[in-house]
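Engineer: Note that the sequence shown covers residues 17 to 101 in the numbering used here.
Please find one structure pasted underneath; my questions will follow.
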Amino acid sequence: MPDERTSYRICPLCEATCGLEIRTRGREVVSIRGDEADVFSRGFICPKAYALKELDADPDRLRTPLVRRNGVLEPATWDDAFAEI
C-alpha cells in the first residue's frame with residue numbers, strides 16, 4: 017500500500033485562495049481540509065475547496081489529452097495534442 021502524504025496548497029477555484037491541507041495515498045486524495053497555519057484562511061475553506069476531493073475523483077474528469085480524429089475524440093499524448101493546435 018502506498019505511503020500517505022500531507023501536502024499544503026492553495027485552492028485554485030476562486031479568488032479567496034484558501035490554504036489547503038491535502039492528504040493523499042498514492043494518487044488517491046484521502047482528505048482535504050483547511051490549513052490552520054494559512055495566514056489568510058486560518059483553517060477555513062469554502063464549499064468549493066471542500067469539493068476538490070470529489071472533483072479529483074470524478075469519473076468524467078479528463079485525465080489525458082484528447083484529439084478529435086474523424087469526428088471522434090481519441091486519447092493522445094501531450095506532444096500530439098500540442099502539435100494539433
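In this text, a Cβ means the ideal position worked out from N, Cα and C, and glycines have one as well.
On a predicted model such as this, the values are computed, not experimentally measured, just so you know.
(1) Where does D51 land, buried or exposed, given buried means 16+ other C-beta within 10 angstroms?
(2) In the structure shown, what three-state DSSP assignment does E100 receive?
(3) Which first and last residues belong to the beta strand (DSSP E) in which L89 is found?
(4) Below 8 Å on the Cβ atoms is my contact criterion, and I expect D72 with V45 to pass it. Report the Cβ-Cβ distance as a whole number of Å.
(5) Using the C-alpha atoms, what's the distance from P91 back to I26?
Structural biologist: A quick look at the data gives this:
(1) Label assigned to D51: buried.
(2) Secondary structure at E100: helix, using DSSP grouped into helix, strand and coil.
(3) Element bounds for L89: V88 to P91.
(4) Yes, they are in contact, since the Cβ atoms of D72 and V45 sit about 5 Å apart, within 8 Å.
(5) Between I26 and P91, the C-alpha separation is close to 30 Å.
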